[in-house]
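Colleague: Shown below is the structure under consideration.
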Amino acid sequence: MINSSSDNVKKLSSINRRMFITGSLKFFIMIGIVSRLFFLQVKENKKYLTLSDKNRIREWKLAPVRGEFRDYFGNVIAGNFEAYQLHVIPEEVEDFRYVIYRLKDLLGMSDKEFKKILKKKNEIKPWETLIVADNLSWKKFSKINNHLYDLNGVKPVLSISRNYPFKDNFTHVLGYVSQANANDIENTQAIKKNFVPGLKVGKIGLEKTLEEELIGSNDIERYEVNAYGRRINQLEFQKGKKGKNIRLTIDSKVQELTSELLRDKAGSICVMDIYTGSIVAMNSSPSFDPNSFVFGISQDDWQIIRNDPMKPLVNKTLQGNYSPGSTIKPLVALSALENGIIDTNFTVKCTGKKEMYGQTYHCWKEKGHGFVSLRNAMKQSCDTYFYEIARKLGVDRLSETAKKFGLGEKVFGELFNIEKKGLIPNTQWKKNALGSGWLLGETIITGIGQGYIQTTPIQLCLMTAQIANGGHKIYPKIIVDKKNDEEAFDIYSPLYKDSKNIKIIQDAMFSSTNEVMGTSYRSRIDDLKYQFAGKTGTSQVKKISERDRELDLKLFEIPYEERDHALYIAYGPYKNPRYALSIIIEHGGNGSTAAAPLANKLFKLIIDRHSLRESQNNKKYLEI
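The numbering used here puts the sequence shown at residues 83 to 706.
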């Protein structure tokens, strides 16, 4: 009995101990659970609410509305339209292969298009957006929306895309947009901030250099989804800001005419207001349709543009470096007058060639022009006369005058990052660049715009404008009301020592176009309203040998790539000048037959539209 009682006590003690331990464990577990719940619900409340919201609340950034480009009269030259897209994020799709094959059937994709999508999918990260279609028709877009129940992970997107209504007329001014790449995102803060899949950004031209102003900001939509990820409620909509509309100084009517005049030609036409520096037209030919690049150009089409021997990708107005030929003669004559080397009575006898320092320098006219003064030399473009005054002037003084009038420097600064400076040589340049001394023969040929000297069409247009306005400095601009810092200080400052010298040059250019024997006489307009003054030029592509002179081949007998470039500079109306222009036709032969006739048609339209331009200038421009 005693043993039994003792055993019971022991058993009871053991049970109590176990119950105590168990109870303690339960207590501590409960304390742990309560503590954890307290921690999760109080301390970590914000974190888990955020995670919950991420599962429940979605944010969707819409493509920003890009600012428009407009011409001087407010006509849209680069606008926007709504584009229907299909996006897929591969990691959100349970069965990607099934979904993509369903899309192939619904959209009627070709095998080539389908393979392209699969290739793109392999090139991106699983969490990155795959753009299956960039520009769907409304019919196909609606069809996809009707089948979304069967297309898990497919997102129909209403985006904004670019449209160029004038097609190739403004390409080398505006450039084009295309899908943003990693480099665009990395190097431009505005693109990085507003990036959405499929975002179109500027690649060249003003579309690129003005990206920060044009891009705008995103619309942001926040909405609630159910457990299946389907939208059930919109919570917030944050309206973005449209990019800035930019108004150009260009007249689209004049720009269209320049395109017509340059059709099937390689070259450039530039028209400028001689007082404001406003660009009225600026065209490079051939061009290409920028709309082809918006949604991605095909490899075949790209190769056609890239391999075109007339180089449509080159902006000839800003990038083309050409020997100015005889279009430099007004500046050579002006420099000689300004430096007291010659006066209006200075004459030279032209026999068709001139022997100097063991070299023979030919005039374009085989039998020569006889005795010529400055005025007659300019009228008939006598090379011999300009050989002589260049020899007396020297290249350094000529270089100084040329730079004063805008040659050898970028006209638009950094606005167009592709613009070339050209080359105005002098003795120091040759020593630094080539390590040799300057030769007198090099000065002589520089006097007729050959040799080392290189100019761009926009520079020649500026030079002509500043001669036409009486020799005053202007700063060309292509954006309305946009001024550079320098303009405020020395706009309209005189570039001459004596204004009489400018008038002499103006009169000489008048004779070249409007008097018998003038090199552009056949392109003149007798009506005083449209009458203009100008100077023809020919830029040698190939050095003329004695054999070539003997053959005296016609233009059509010379291979295209060996033909000279044809140039023309002019301003009008002569009695009350307002506009200047430069024209270059690559491999056109000579300025009098290939370039000058285009000025005749241009000045009629430019001057007819002057009153419209003036009335528009007096109006306050309203953003639409």
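Just so you know, even glycine gets a beta-carbon here, dropped at the ideal spot from N, CA and C.
Distance, Cα to Cα, Glu632 vs Lys461?
Modeller: Numbered from 1 along the sequence shown, position 550 holds the residue referred to as residue 632. Numbered from 1 along the sequence shown, position 379 holds the residue referred to as residue 461. Model confidence at Glu632 stands at a pLDDT of 46, short of 50, so the residue's coordinates are unreliable and nothing is read from them.
Colleague: Please identify the residue among Leu218, Ser192, Ala145, Arg244 whose C-alpha is closest to the C-alpha of Asn162.
Modeller: For the purposes of this step, residue 162 is taken as the residue at position 80 of the sequence shown. When each option's Cα is compared against that of Asn162, the closest is Arg244.
Colleague: According to the neighbour-count rule (16 or more other Cβ atoms, all chains shown, within 10 Å of its Cβ), is Leu131 buried or exposed?
Modeller: Sequence index remark: in the sequence shown, residue 131 carries index 49 (1-based). Confidence at Leu131 is low in this model, with a pLDDT of 48, below 50, so its placement is unreliable and the value that follows should be read with caution. Classification of Leu131: exposed, given that the 10 Å Cβ count is below 16.
Colleague: Could you work out which residue in Phe151, Thr601, Ser367, Ser334 is closest to Asp390 when comparing CA atoms only?
Modeller: Here residue 390 refers to the residue found at position 308 when the sequence shown is read from its first residue. Of the candidates Phe151, Thr601, Ser367, Ser334, the one whose C-alpha sits nearest the C-alpha of Asp390 is Ser367.
Colleague: DSSP beta-bridge partners for Gln536?
Modeller: Sequence index remark: in the sequence shown, residue 536 carries index 454 (1-based). In DSSP, Gln536 forms a bridge with Leu505.
Colleague: In the DSSP assignment, find the unbroken alpha helix (DSSP H) run with Lys431 in it and report its ends.
Modeller: Here the question's residue 431 lines up with position 349 in the sequence shown. It is not in any alpha helix (DSSP H) - Lys431 instead sits in the beta strand (DSSP E) that spans 430-432.
Colleague: Looking only at its chain, what residues have a beta carbon closer than 7 Å to the beta carbon of Lys611, apart from the 5 residues adjacent to it on each side?
Modeller: Working through the sequence shown from its first residue, we reach residue 611 at position 529. Excluding sequence neighbours, Lys611 sits near Pro655, Ile689.
Colleague: Please report the residue range of the alpha helix (DSSP H) in which Gly523 lies.
Modeller: What you label residue 523 is simply residue 441 of the sequence shown in a count that begins at 1. Per DSSP, Gly523 belongs to the alpha helix (DSSP H) from 522-528.
Colleague: From Phe252 to Asp266, what does the alpha carbon distance come to, in whole angstroms?
Modeller: Mapped onto the sequence shown, residue 252 falls at position 170. Mapped onto the sequence shown, residue 266 falls at position 184. Whole-angstrom Cα-Cα distance: 23 Å.
Colleague: Under the assumption that Gly504 contacts Thr546 (Cβ atoms under 8 Å), give the Cβ distance between them as a whole number of angstroms.
Modeller: Within the sequence shown, the letter at position 422 stands for residue 504. Within the sequence shown, the letter at position 464 stands for residue 546. Not a contact, Cβ separation roughly 15 Å.
Colleague: Quick check on Leu133: buried or exposed, where buried means 16 or more other Cβ atoms within 10 Å of its Cβ?
Modeller: Here residue 133 refers to the residue found at position 51 of the sequence shown. In this prediction, Leu133 has a pLDDT of 45, which is less than 50 and means its spatial position is unreliable; nothing more can be read from the coordinates.
Colleague: Does DSSP put Pro238 in a helix, a strand or coil?
Modeller: Taking the first residue of the sequence shown as 1, we reach residue 238 at position 156. When DSSP states are grouped into helix, strand and coil, Pro238 belongs to the strand group.
Colleague: Just list the residues that DSSP pairs Pro576 with in beta bridges.
Modeller: By 1-based counting over the sequence shown, the position of residue 576 is 494. According to DSSP, Pro576 bridges with His554.
Colleague: Return no unless some Cβ of chain C is closer than 7 Å to the Cβ of Ala472.
Modeller: The displayed structure is made up of one protein chain only, and chain C is not part of it.
Colleague: Helix, strand or coil, according to DSSP, for Asp216 in the structure here?
Modeller: Mapped onto the sequence shown, residue 216 falls at position 134. In the structure shown, Asp216 sits in a strand (DSSP, three-state: E or B).
Colleague: What would DSSP say about Arg152, mapped onto helix, strand or coil?
Modeller: In the sequence shown, residue 152 corresponds to position 70, counting from 1. Residue state, collapsed to three classes: strand.
Colleague: Of the choices Leu188, Leu344, Leu240, whose alpha-carbon is the least far from that of Asn228?
Modeller: In the sequence shown, residue 228 corresponds to position 146, counting from 1. Of the candidates Leu188, Leu344, Leu240, the one whose C-alpha sits nearest the C-alpha of Asn228 is Leu188.
Colleague: With DSSP run on the structure shown, which of helix, strand or coil describes Lys198?
Modeller: Position 116 of the sequence shown, counted from the first residue, corresponds to residue 198. Three-state result, Lys198: helix.
Colleague: State the Cα-Cα distance for the pair Arg604 and Arg473, rounded to the nearest angstrom.
Modeller: As a position in the sequence shown, residue 604 is number 522, starting the count at 1. As a position in the sequence shown, residue 473 is number 391, starting the count at 1. C-alpha of Arg604 to C-alpha of Arg473: approximately 32 Å in a straight line.
Colleague: Which two residues bound the contiguous beta strand (DSSP E) that contains Phe178?
Modeller: Counting from one through the sequence shown, the residue named residue 178 turns up at place 96. First-last for Phe178: 178-189, but that is the alpha helix (DSSP H), not the beta strand (DSSP E).
Colleague: With respect to the alpha helix (DSSP H) encompassing Met591, which residues constitute its N-terminal and C-terminal limits?
Modeller: As a first step, residue 591 is located in the sequence shown; it is residue number 509 there, counting from the start. Note, Met591: alpha helix (DSSP H), 581-596.
Colleague: Going by CA-CA distance only, name the one from Lys559, Gly529, Lys203, Asp609 that's closest to Ala418.
Modeller: Mapped onto the sequence shown, residue 418 falls at position 336. Per the Cα distances, Gly529.
Colleague: Below 8 Å CB to CB, which residues in the same chain sit around Thr509 once its five sequence neighbours on both sides are set aside?
Modeller: By 1-based counting over the sequence shown, the position of residue 509 is 427. So the qualifying residues of the chain are Val477, Asp478, Gly519, Trp520.
Colleague: Between Phe468 and the rest of its own chain, which residues show a CB-CB distance below 6 Å, the 5 nearest in sequence each way excluded?
Modeller: Here residue 468 refers to the residue found at position 386 of the sequence shown. The residues are Lys411, Val414, Gly529, Ile530.
Colleague: Using the Cβ count rule (16 or more neighbours within 10 Å means buried), how would you classify Thr483?
Modeller: Reading the sequence shown from its first residue, position 401 is the one you call residue 483. With 16 or more Cβ atoms within 10 Å of its Cβ, Thr483 is classed as buried.
Colleague: Measure how close the beta-carbons of Val79 and Thr331 come, nearest whole angstrom, since I'm counting them as under 8 Å.
Modeller: This structure cannot settle anything about residue 79, because the visible part of the chain is limited to 83 through 706.
Colleague: Quick check for students: name the residue ranges of the alpha helix (DSSP H) that lie wholly in the segment 436-462, counting only runs of 4 or more.
Modeller: 456-462
Colleague: Look at the alpha carbon of Lys335 and the alpha carbon of Ser693, and state the distance between them as a whole number of angstroms.
Modeller: Within the sequence shown, numbered from 1, the residue matching residue 335 stands at position 253. Within the sequence shown, numbered from 1, the residue matching residue 693 stands at position 611. About 14 Å.
Colleague: Do Pro659 and Ala550 have their C-beta atoms closer together than 7 Å?
Modeller: By 1-based counting over the sequence shown, the position of residue 659 is 577. By 1-based counting over the sequence shown, the position of residue 550 is 468. Going by C-beta atoms, Pro659 is nearer than 7 Å to Ala550.
Colleague: From what residue to what residue does the beta strand (DSSP E) around Thr620 run?
Modeller: Numbered from 1 along the sequence shown, position 538 holds the residue referred to as residue 620. Counting along the chain, the beta strand (DSSP E) containing Thr620 begins and ends at 615-621.
Colleague: Measuring only the C-alpha atoms, how far is Glu338 from Ile540?
Modeller: Stepping through the sequence shown from its first residue, residue 338 is reached at position 256. Stepping through the sequence shown from its first residue, residue 540 is reached at position 458. Roughly 18 Å between the two C-alpha positions.
Colleague: Would you decide whether Asn458 is buried or exposed? Buried here means 16 or more other CB atoms lie within 10 Å of its CB.
Modeller: Stepping through the sequence shown from its first residue, residue 458 is reached at position 376. With 16 or more Cβ atoms within 10 Å of its Cβ, Asn458 is classed as buried.
Colleague: Opposite Lys559 in the DSSP bridges: which residues?
Modeller: For this step, residue 559 is matched to residue 477 along the sequence shown. DSSP output for Lys559 lists Ser360 as bridge partner(s).
Colleague: State the Cα-Cα distance for the pair Ile50 and Lys398, rounded to the nearest angstrom.
Modeller: The first residue shown for the chain is 83 and the last is 706, placing residue 50 beyond what the model contains.
Colleague: Looking at the secondary structure, which residues open and close the alpha helix (DSSP H) in which His647 lies?
Modeller: Within the sequence shown, numbered from 1, the residue matching residue 647 stands at position 565. His647 -> not in any alpha helix (DSSP H); beta strand (DSSP E) instead, spanning 647-654.
Colleague: Give the secondary structure of Gly673 by DSSP, where H, G and I count as helix, E and B as strand, and everything else as coil.
Modeller: Sequence index remark: in the sequence shown, residue 673 carries index 591 (1-based). Here Gly673 sits in helix by DSSP.
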